[in-house]
Amino acid sequence: MSLMNRIYNLFGFKGNESTVEPVPIITETVSPNVNYTYDSESIQTRTPTQMYPVHPMILARRSMRTMDGKTVDNDSLMSLFEAARWAPSHFNMQNWRFVYATRDSPKWDQYLDSLWALNRLWAKNAGVLVVAMSRKSYVRKGKVELVPTHSFEAGSAWMCMALEGTARGLVVHAMSGFYKDKIANVIGLNGNDNYEIEAMIAIGNRAPPGYFSGLMDKVTTRNAIETFISKETFQESEGSSETIK
Ligand SMILES: Cc1cc2nc3c(=O)[nH]c(=O)nc-3n(C[C@H](O)[C@H](O)[C@H](O)COP(=O)(O)O)c2cc1C
Numbered sequence: 001m002s003l004m005n006r007i008y009n010l011f012g013f014k015g016n017e018s019t020v021e022p023v024p025i026i027t028e029t030v031s032p033n034v035n036y037t038y039d040s041e042s043i044q045t046r047t048p049t050q051m052y053p054v055h056p057m058i059l060a061r062r063s064m065r066t067m068d069g070k071t072v073d074n075d076s077l078m079s080l081f082e083a084a085r086w087a088p089s090h091f092n093m094q095n096w097r098f099v100y101a102t103r104d105s106p107k108w109d110q111y112l113d114s115l116w117a118l119n120r121l122w123a124k125n126a127g128v129l130v131v132a133m134s135r136k137s138y139v140r141k142g143k144v145e146l147v148p149t150h151s152f153e154a155g156s157a158w159m160c161m162a163l164e165g166t167a168r169g170l171v172v173h174a175m176s177g178f179y180k181d182k183i184a185n186v187i188g189l190n191g192n193d194n195y196e197i198e199a200m201i202a203i204g205n206r207a208p209p210g211y212f213s214g215l216m217d218k219v220t221t222r223n224a225i226e227t228f229i230s231k232e233t234f235q236e237s238e239g240s241s242e243t244i245k
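Going left to right, the sequence shown walks through residues 1 to 245 as UniProt numbering numbers them.
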């Protein structure tokens, strides 16, 4: 096998001695009983402010709070974790971890009590509460190796979940407003500092149409691209927070 093909194989490309076969583009892999849907309110509100075209799912994802207070179908929940499973990671090590409780679980109240009061107000109507964590190190050849990007990986995985949930019309809402010590205790993590608790996530069915959501489901907008990109050398942008709406 040529050196080039060995390198291709190392990175997971399919190849043989003479050619590297292009991977076909798959346009539809969805099972017939999954109904993908986009939130049109978010898209309509956000489209006029977008600077360049993006896939509608990116605009449709938002952190909604109004949910119906019912359980989330287990297959849908597992599809969200399946989406997380396909996130990219450092050496494909997949250092994300999720611990969850459904609203019919005996642990539900303890999960809920771990949230800050303002989050509890709406997250009580979720069907599932998830603790998103990352693994900070692993042992290789008897040596402890640190994972430099553990939080970044968990972030990638959460975003995959959020997008899958968006496409299914579910609420998938990340939260940093919770008591870390409290939830660590609830999930039995106390004393194990190899895992970082990154965030909690509320997952639920959206409230039926007509449900009054008030300010709870405001469609947010964003800073301009120039406030967070620099060409060639880093330029700190002034006052970008002033543009947050
Ligand atoms: C890591 C993280 C933590 C967040 N924490 C909270 C939270 O504690 N409570 C809350 O209501 N929203 C929380 N949010 C939602 C943000 O407020 C929301 O993403 C932001 O306002 C942008 O709105 P959008 O997600 O609808 O586009 C959090 C989001 C992220 C990604």
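We put the CB at the ideal spot given by N, CA and C, even for glycine. Predicted model only: the values in this text are computed from it and were never measured.
Asked: Mind the definition here: the region 142-157 touches the region 86-96 only if three or more C-beta pairs lie below 8 Å; say whether that holds.; Found: yes
Asked: Going by the C-beta, is M175 closer than 6 Å to any heavy atom of ligand 1?; Found: yes
Asked: Verify whether the separation of the beta carbon atoms of V131 and M200 is less than 7 Å.; Found: yes
Asked: DSSP three-state call for Y8: helix, strand or coil?; Found: Residue placement at Y8 is flagged as unreliable, the pLDDT there being 42, under the threshold of 50; a coordinate-derived value is accordingly withheld.
Asked: What residues in its chain sit with their C-beta under 7 Å from that of I187, if we drop five residues either side in the sequence?; Found: V99, V131
Asked: Given a cut-off of 7 Å on the beta-carbon distance, is the pair S137 and L129 in contact?; Found: no
Asked: Which class does T45 belong to by DSSP, given the choice of helix, strand or coil?; Found: helix
Asked: Name the one or two DSSP bridge partners that V171 has.; Found: G204
Asked: Near A184, what residues of its chain come up, given a Cβ to Cβ distance below 7 Å and the 5 sequence neighbours on each side ignored?; Found: N190, I197
Asked: Cα separation between P48 and N205?; Found: 28 Å
Asked: For G127 and A202, I'd like the C-alpha separation in whole angstroms.; Found: 8 Å
Asked: Let me know the secondary structure DSSP gives W96 once reduced to three states.; Found: strand
Asked: From the DSSP secondary-structure annotation, give me the bridge partner or partners of F178.; Found: L115
Asked: Going by beta-carbon coordinates alone, are T37 and G169 separated by less than 7 Å?; Found: yes
Asked: Less than 7 Å separating the beta-carbons of M175 and N119?; Found: yes
Asked: Does L121 pass the burial test, meaning 16 or more other C-beta atoms within 10 Å, or should it be called exposed?; Found: exposed
Asked: When we look at the beta-carbon of Y52 and count the other beta-carbons within 10 Å, is it buried (16 or more) or exposed?; Found: exposed
Asked: State buried or exposed for A117, treating a residue as buried only when at least 16 other CB atoms are found within 10 Å of its CB.; Found: exposed
Asked: May I ask whether a heavy atom of ligand 1 can be found less than 6 Å away from the beta carbon of R62?; Found: yes
Asked: Is it buried or exposed, I229, if we count other Cβ atoms within 10 angstroms and call 16 or more buried?; Found: exposed
Asked: Give me the DSSP bridge partner(s) of I58.; Found: For I58, which the question treats as bridged, DSSP gives no partner whatsoever.
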